[in-house]
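Each remark here refers to the structure printed beneath this line.
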Amino acid sequence: MQLRFSPSMRSITISSNNGFIDLMKVKVAARHISYRTLFHTILILAFLLPFVFILTAVVTLEGVNKCSSFGCLGRRLGPRLLGRADDSGEKLVRDFYKILEKVRSGEIPNDLKLPDSFEQLVSDMKNNQYDAKTFAFLLRGMMEKFERDIRESKFAELMNKHIAASSIPKGIHCLSLRLTDEYSSSAHARKQLPPPELLPLLSDSSYHHFIVSTDNILAASVVVTSTVQSSVNPDKIVFHVITDKKTYAGMHSWFALNPAYPAIVEVKGIHQFDWLTRENVPVLEAVENQNGIRNYYHGNHVAGANLNDTTPRTFASKLMSRSPKYISLLNHLRIYLPELFPNLDKVVFLDDDVVIQRDLSQLWEIDLEGKVNGAVETCRGEDEWVMSKRFRNYFNFSHPRIAKNLDPNECAWAYGMNIFDLRAWRKTDIKETYHSWLKENLKSNLTMWKLGTLPPALIAFKGHVHPIDPSWHMLGLGYQNKTNIESVKKAAVIHYNGQSKPWLEIGFEHLRPFWTNYVNYSNDFVRNCHIVEP
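Residues 68 to 601 (our numbering) make up the sequence shown, in order.
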């Protein structure tokens, strides 16, 4: 770099030897310049020129060797001097975004082979030198394939869970067979339940009468045992256990050999109720025998279904609504309680998947205010599965009759633990309303609702329900893995409604002990059927 002064001292010329700066002239006025001014000028230039030299060297080292003017140099150095970085990286990102937009709306080439892993993708990129567009297509194809695989796995998991929930565990099936065999070979297993001297108590309204309808012997034993052990006055308890014909002998054997003393237990089969005839329950007979209905509940739930148009949660709900238990007479039996127990005034009906943890005698003290059904409402909570249910969750409001007669925002209530005033019930047309709507749904090919026996009950008991405190009945232990344990401990009745029953392998491990606490694992029949404590 050279610095020249003209003889007249009217201009100063700066030139470089490497071509970066061709010429820089500083013209001064024609007037006389003092040496003091010249000295200050030279001093300032001496201070600035090293920095110019360093920046020029940096640009040279970076390979920008085509700049031969101050304009070019300014464009290169300007952003650095102002603290701004080079935008070449941003431009690359913008270009890549444009490629992604094109790929998003384009079709993946048919001949494009998708890698099975990230390592294979890296290897293919190195070997084939793919451009950015091909890379984007590969990325999109891999992600879509993984999404399909995950979705298919989720649906397969839900289907397997449905099959597991609908099946009977080997140990429970064994228990029923062994107890049935015992009934045929042992007089002790066939003894009358209850003894003749206690028969009058079966219709004594001063006692607390519980009803459970089930074909699961082990589950029935847990309901009875937990109720008796949690009661303040177990000698005031009468249990009416109703089962089907094939399970009756085994159920009778269990309670004959394992009395729930001091409580009284009656075991009765459906076939032993004179009132349960085809004339009195024609709709249920149709439900059990109509091929279309049986195929709906027992058929292939995946064939013909377009899984691309549904979500896993919707699919899970549809599977649960197709549980074969919903066409079992045992599940519809509660609607006939006034006729089946004509001498009783007030009863508590329990599902077979509940556990009683607190004395329930105070249920008989609740004033139902003339209503028939004391139940916990299920629209007062925040969880999506159990305690935020309204009529819109159960009914198809696109059906004209449903839309005309029902309010989608009306609060639902729960089966599982209900206090029924049978005297008030006998003054209503609940049974007739239940039958009427069930017939309509059958005629409409199940287009009004598809989820079990609760929807027709929601209609039939409309205006006849008295809400009771939610602490009496906690639901969802068969749905929600994240159920609050402290809330479970405080509830009077806990309900394993849902697929994950505590006696199944798919039951939630941390919730199962509340149920297994009441299983007698030392019982010979239980041990011989290899039903072991977890």
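Ideal Cβ positions, reconstructed from N, Cα and C, are used throughout, including at glycine.
Nothing here was measured: the structure is a model prediction, and the numbers come from that model.
By the three-class DSSP mapping on this structure, what secondary structure does THR583 have? Position 516 of the sequence shown, counted from the first residue, corresponds to residue 583. Helix at THR583.
Rounded to whole angstroms, what's the CA-CA distance from SER298 to TYR461? Just pull it up for me. Looking up residue 298 in the sequence shown gives position 231. Looking up residue 461 in the sequence shown gives position 394. Distance between the alpha carbons of SER298 and TYR461: 35 Å.
Whole runs of the alpha helix (DSSP H) within the segment 237-292, excluding any shorter than 4 residues: 237-252
From the DSSP output, in three-state form, read off ASP341 for me. Locating residue 341 in the sequence shown gives position 274, where the first residue counts as 1. Of the three classes helix, strand and coil, the one that applies to ASP341 here is coil, per DSSP.
Beta strand (DSSP E) segments (min. 3 residues) lying fully within the segment 530-570: 532-534 and 560-562
Determine the DSSP secondary structure at LEU435, reduced to helix, strand or coil. Locating residue 435 in the sequence shown gives position 368, counting from the first residue. Residue state, collapsed to three classes: coil.
By Cβ distance below 6 Å, which residues in the same chain neighbour ASN590 in space, the five residues on each side in sequence not counted? Position 523 of the sequence shown, counted from the first residue, corresponds to residue 590. Around ASN590: no qualifying Cβ.
List the DSSP bridge partners of GLY336. The residue labelled residue 336 in the question sits at position 269 within the sequence shown. According to DSSP, which records beta bridges pairwise, GLY336 is partnered with THR310.
Starting from the C-beta of ILE486, find all residues in its chain whose C-beta is less than 6 Å away, skip the five residues before and the five after it, and write them out in chain order. Counted from its first residue, the sequence shown places residue 486 at position 419. Answer for ILE486: VAL415, LEU430 and GLY441, listed in chain order.
Helix, strand or coil at TRP480 according to DSSP, with G and I counted as helix: As a working mapping, residue 480 is identified with position 413 in the sequence shown. Strand.
Using the rule of at least 16 other Cβ atoms within 10 Å of the residue's Cβ for burial, across every protein chain shown, is PHE322 buried or exposed? Residue 322 sits at position 255 when you count from the first residue of the sequence shown. PHE322 is buried by the Cβ-count criterion.
So for LEU513, helix, strand or coil by DSSP? Taking the sequence shown and counting its residues from 1, the one referred to as residue 513 is at position 446. Coil.
Are the beta-carbon atoms of GLU214 and ILE175 separated by less than 9 Å? As a first step, residue 214 is located in the sequence shown; it is residue number 147 there, counting from the start. As a first step, residue 175 is located in the sequence shown; it is residue number 108 there, counting from the start. Not in contact: GLU214 and ILE175 (Cβ atoms no closer than 9 Å).
Let me know if VAL593 comes out buried or exposed under the rule of 16 or more other beta-carbons within 10 Å of its beta-carbon. Residue mapping note: residue 593 aligns to position 526 of the sequence shown, counting from 1. When all chains shown are included, VAL593 counts as buried.
To the nearest angstrom, how far is it from the Cα of LEU489 to the Cα of SER272? If you number the sequence shown from 1, residue 489 lands on position 422. If you number the sequence shown from 1, residue 272 lands on position 205. About 11 Å.
Quick one: grab the DSSP three-state call for GLY441. The sequence position of residue 441 within the sequence shown is 374, counting from 1. Looking at GLY441 - three-state DSSP - the assignment turns out to be strand.
Short Cβ contact (9 Å threshold) for ALA479 with LYS456: Counting from one through the sequence shown, the residue named residue 479 turns up at place 412. Counting from one through the sequence shown, the residue named residue 456 turns up at place 389. Closer than 9 Å, so yes.
If you compare alpha carbons, which of ARG425, ALA559, LYS494 and ARG447 is closest to GLU477? Indexing the sequence shown from 1 puts residue 477 at position 410. Nearest option by C-alpha distance: ARG447.
Tell me where the alpha helix (DSSP H) around VAL348 begins and ends. Position 281 of the sequence shown, counted from the start, is the residue given in the question as residue 348. Run containing VAL348: none; DSSP gives neither H nor E here.
Nearest by alpha-carbon distance to HIS597: which of TRP570, SER554, SER293 and GLU186 is it? Indexing the sequence shown from 1 puts residue 597 at position 530. Nearest of TRP570, SER554, SER293 and GLU186 to HIS597, Cα basis: TRP570.
Distance, TYR482 Cα to GLY519 Cα: For the purposes of this step, residue 519 is taken as the residue at position 452 of the sequence shown. For the purposes of this step, residue 482 is taken as the residue at position 415 of the sequence shown. Going from the Cα of GLY519 to the Cα of TYR482 covers about 11 Å.
Distance, Cα to Cα, TYR619 vs ASP216? What is shown of the chain runs 68 to 601, which leaves residue 619 out entirely.
Through-space distance from PHE185 to THR201, alpha-carbon basis: By one-based count along the sequence shown, residue 201 stands at place 134. By one-based count along the sequence shown, residue 185 stands at place 118. If you take the alpha carbons of THR201 and PHE185, they lie about 15 Å apart.
With a threshold of 16 other CB atoms inside 10 Å of the CB of LYS568, please say whether the residue is buried or exposed. By one-based count along the sequence shown, residue 568 stands at place 501. So LYS568 ends up on the buried side.
Just to confirm the assignment, what range does the alpha helix (DSSP H) spanning ILE526 have? Translated into the one-based positions of the sequence shown, residue 526 becomes position 459. First-last of the alpha helix (DSSP H) with ILE526: 521-527.
Residues bridged to LYS212 [DSSP beta-bridge criterion]: Working through the sequence shown from its first residue, we reach residue 212 at position 145. Answer by DSSP bridge pairing: none, since LYS212 is not bridged.
State buried or exposed for PRO522, treating a residue as buried only when at least 16 other CB atoms are found within 10 Å of its CB. Numbered from its first residue, the sequence shown carries residue 522 at position 455. Buried, by the Cβ-count rule.
Apart from the five residues on each side of it in sequence, which residues of its chain come closer than 6 Å, Cβ to Cβ, to VAL291? Position 224 of the sequence shown, counted from the first residue, corresponds to residue 291. The answer, listed in chain order, is PHE306 and ALA327.
Excluding the 5 residues preceding and the 5 following GLY317 in the sequence, name in chain order all residues of the same chain whose CB lies nearer than 6 Å to its CB. On the sequence shown, position 250 is the one that residue 317 refers to. Cβ within range, chain order: SER243, LEU246, THR247 and ILE284.
Given that a residue counts as buried once 16 or more other Cβ atoms are within 10 Å of its Cβ, and exposed if not, what is LEU260? Here the question's residue 260 lines up with position 193 in the sequence shown. It counts as buried.
Minimum C-alpha distance to GLY336 - residue among ALA286, THR294, ASP282 and LYS303: Translated into the one-based positions of the sequence shown, residue 336 becomes position 269. If we check each option's Cα against that of GLY336, ASP282 comes out closest.
Taking the C-alpha atoms as reference points, what is the distance between HIS533 and VAL439? Position 466 of the sequence shown, counted from the start, is the residue given in the question as residue 533. Position 372 of the sequence shown, counted from the start, is the residue given in the question as residue 439. Their backbone Cα atoms lie some 7 Å apart in a straight line.
Between SER320 and SER253, is the Cβ-Cβ spacing less than 9 Å? By 1-based counting over the sequence shown, the position of residue 320 is 253. By 1-based counting over the sequence shown, the position of residue 253 is 186. Cβ atoms of SER320 and SER253: closer than 9 Å.
With H, G and I counted as helix, E and B as strand and the rest as coil, what does DSSP make of ASP191? Within the sequence shown, residue 191 is the residue found at index 124, counting from 1. ASP191: helix per DSSP, three-state reduction.
According to DSSP, is ARG425 helix, strand or coil? Mapped onto the sequence shown, residue 425 falls at position 358. Three-state DSSP puts ARG425 in coil, outside helix and strand.
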